[in-house]
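Residue numbers (my numbering): -18 to 250.
This report concerns only the one structure given below.
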């Protein structure tokens, strides 16, 4: 594979327009995260619904009315799990990046509330999010705990990631120190069905959840971020971690500006 530059502008006739690139955790979402994930969900048999959040002033003539905000909700056949594309709906931010996908699951149909939630910003590789959703889809009980934190750490270290020197039982980083996994206190507004998630004890203890992010250049901002509430089963986070750390290259036509010079690439043809 080569490490030379890949531009987002049209390529000359003698230059391939698509490349296999790696590592995938720095490859971005190819500027099509909605399409790639939505296609994966359609393949799993999930139903999609478009929710219109607002219109222009009702005094406008019909032809001048425009959708102000809208989102797309994908629901599993058993109605116990769902994935919401929230980027057009002015979501809150994670690591100064807007949330693109919000994934949730509930224990049974009697409860309208999610038992756990997971959040993903743009540039989380679509393949990784699709693998996480596929693991969620095959689970008979999407909220039942399975395994412990070691599942997640074993998944990434199997691909050459390193245990955090200071917290080897709760964190890992890739060999270039650009991408991270850590079990710790979740950011504000991360929703979880466990009531303890709303309470901070006097000693400052709080329920821990997994966080993952890529920061290619320290202090220069994040490429992407993902947050899993405290009740997300560890095996599902491990499926995300395993896919994120995979050495199998991914197909890309557009690369993130911040990682172009750090990616290996080979022509797709």
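The beta-carbon is built from N, C-alpha and C at its ideal position, and this holds for glycine as well.
Rounded to whole angstroms, residue 146 and residue 123 show a C-alpha spacing of 33 Å. Counted as a single uninterrupted DSSP element, the alpha helix (DSSP H) harbouring residue 131 occupies residues 130 to 138. Around the beta carbon of residue 24, fewer than 16 other beta carbons lie within 10 angstroms, which makes this residue exposed. A Cβ-Cβ separation of about 17 Å leaves residue 235 out of contact with residue 20 under the 8 Å criterion. Annotation: the continuous beta strand (DSSP E) that includes residue 247 extends over 245 to 248. For the 8 Å CB-CB criterion, residue 136 and residue 213 do not form a contact. Here DSSP, grouped into helix, strand and coil, assigns residue 23 to helix. Inter-segment contact for the stretch 112 to 122 and the stretch 192 to 203 is absent: fewer than three beta-carbon pairs are separated by less than 8 Å.
Assigned with DSSP and collapsed to three states, residue 160 falls in strand. In terms of Cβ geometry, residue 18 and residue 110 form a close pair [threshold 8 Å]. For a cut-off of 8 Å, the C-beta gap from residue 172 to residue 95 is around 6 Å, short enough to register as a contact.
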